[in-house]
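Notes for the one structure printed next.
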């Protein structure tokens with residue numbers, strides 16, 4: 534499962550990437566990402582982007598297999614109400 538979820542200036546983000554356990558290791562994730570990305574690029578987006586946790590090398594390998602490249606690292610920030618400065 535995967536979905537195009539957020540339009541960017543010239544591209545689109547793909548999220549909700551998930552493969553049920555019984556279907557893992559059969560190439561479904563790579564195929565799913567390939568065809569979704571292909572469709573989005575054919576619709577005129579200049580690029581597709583997605584995020585993967587560094588602790589998930591299996592998913593990273595699937596994305597690289599279909600042409601995705603690492604372009605940077607991200608930082609995740611959260612706001613906790615009790616710790617917010619007013």
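Numbering (my numbering), first residue to last: 534 to 619.
Glycine included, C-beta positions come from ideal geometry on N, C-alpha and C.
Keep in mind the model is a prediction, meaning the values are calculated, not measured.
Would you tell me roughly how many angstroms separate the C-alpha atoms of residue i and residue j, rounded to the nearest one?
i, j, result
"residue 581", "residue 574", "7 Å"
"residue 611", "residue 585", "18 Å"
"residue 562", "residue 602", "16 Å"
"residue 560", "residue 613", "39 Å"
So which of the options has the shortest CA-CA distance to residue i?
i, options, result
"residue 565", "595, 579, 606", "595"
"residue 542", "579, 556, 593, 555", "579"
"residue 583", "597, 614, 577", "597"
"residue 567", "555, 587, 607, 550", "550"
"residue 540", "577, 558, 608", "577"
"residue 475", "609, 615, 572", "Nothing about residue 475 can be read from this structure; the chain reaches only from 534 to 619."
Name the DSSP beta bridge partners of residue i, please?
i, result
"residue 539", "546"
"residue 582", "546"
Assuming residue i and residue j make a contact with CB atoms under 8 Å, what is their CB distance in whole Å?
i, j, result
"residue 545", "residue 535", "About 12 Å; that fails the 8 Å criterion."
"residue 599", "residue 570", "7 Å"
For a cutoff of 9 Å on Cβ pairs, would you count residue i as touching chain C?
i, result
"residue 535", "The structure shown contains no chain C, having only a single protein chain."
How about residue i and residue j: are their beta carbons less than 9 Å apart?
i, j, result
"residue 587", "residue 606", "yes"
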